[in-house]
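>
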Amino acid sequence: MTFSFKTQLLLIGLLFSTYIMAQTEDLVTRLSGRFDNLAQVTTLPDSISQKPALSGAWLNPLHLTHQRIDLPWLDGAVLYLEWREGHAEGALNRQRFWVFHTDTTGRTTMDFYSFKDEQKFLNFLSDNTLQVTLTLNDLVAYPNGCTLSWHYAEGVYTGQLDPQTCSVVAQRSGRRMRLQADIIVSAEGFTYQEAGVVEADGSYAFKVPGLGAYIFRKK
């Protein structure tokens, strides 16, 4: 059986699309579950603080729950993130949504969302009513230019948020800053670091963690 040139191109496109979608699914699967960085924290010297600070070297212990949820109105594979200080019942550190897409060029990308009213959704993970009644109006999206791009090579996914395109205004200070983030995902877990750089003077508005990158291992 022979195919026309047009049909061959369509088949190649379909195979490529299927391959990228499979990669996206693998990435989401790797990032789903429970993680912590206790192995990393236990190796820290006493001189390194284990409490977040505005400056200096610090790295805090975290327990992470990443749960896949069904939110069709976000048009992508959705992970809900709940990071807690120290252990599974520790104080909330952050709540986020990571939404994965495959764009028209075949790239895997990821958008970030947070709650508008964090107090209302403190029990989002355990309260099914909050989950089923959640709407897009309850969320705040990162602005245009703040979509993270993923790349795959040699069994590892690398995600980067480009500070040249991701510019936001800080809610508290009103200063404009550029966001940067780097995530590296392997079969065992992932590393994470992020920062905000003030556009006016190049200083750090924040840097998380204050030392290197978090090293999270799946539990």
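Everything in the sequence shown is counted per the numbering used here, starting at 1 for the first residue and increasing by one.
Virtual Cβ for every residue (Gly too), placed ideally from N, Cα, C.
Here the structure is a predicted model, which is why all the values come from computation and not from measurement.
With the cut-off set at 8 Å, would you say phenylalanine 35 and phenylalanine 216 are in Cβ contact?
Locating residue 35 in the sequence shown gives position 35, counting from the first residue. Locating residue 216 in the sequence shown gives position 216, counting from the first residue. In this structure, phenylalanine 216 lies closer than 8 Å to phenylalanine 35 by Cβ.
> Tell me where the alpha helix (DSSP H) around asparagine 128 begins and ends.
As a working note, residue 128 is residue 128 in the sequence shown. First-last of the alpha helix (DSSP H) with asparagine 128: 128-133.
> Can you name, in chain order, every residue of its own chain whose Cβ lies under 7 Å from the Cβ of lysine 51, other than the five neighbours on each side?
Position 51 of the sequence shown, counted from the start, is the residue given in the question as residue 51. Cβ neighbours of lysine 51 beyond the five flanking positions: Trp58 and Asn60.
> Tell me the DSSP bridge mates of arginine 30?
Translated into the one-based positions of the sequence shown, residue 30 becomes position 30. Note: arginine 30 sits in no beta bridge, so no partner.
> For threonine 129, count neighbouring C-beta atoms within 10 Å of its own C-beta (all shown protein chains included) and say buried if the count is 16 or more, exposed if not.
In the sequence shown, the residue the question calls residue 129 occupies position 129. When all chains shown are included, threonine 129 counts as exposed.
> Going by DSSP, what residue range makes up the beta strand (DSSP E) through leucine 71?
Counted from its first residue, the sequence shown places residue 71 at position 71. No beta strand (DSSP E) contains leucine 71, which DSSP labels as neither H nor E.
> With 16 other CB atoms within 10 Å as the buried threshold, where does threonine 42 fall?
Stepping through the sequence shown from its first residue, residue 42 is reached at position 42. The residue is exposed, with fewer than 16 neighbouring Cβ atoms inside 10 Å.
> Does the region 159-176 come into contact with the region 116-127, if we say contact requires no fewer than three beta-carbon pairs (one atom in each stretch) closer than 8 Å?
Because the criterion of three Cβ pairs below 8 Å is not met, the region 159-176 and the region 116-127 do not touch.
> Within the same chain, show all residues whose beta-carbon is closer than 8 Å to that of glycine 279, passing over the 5 residues directly before and after it, in chain order.
Lying outside 1 to 219, the shown extent of the chain, residue 279 is not represented and no answer is given.
> Mind checking which residues open and close the beta strand (DSSP E) that includes glutamine 180?
Translated into the one-based positions of the sequence shown, residue 180 becomes position 180. Here the beta strand (DSSP E) through glutamine 180 covers 176-185.
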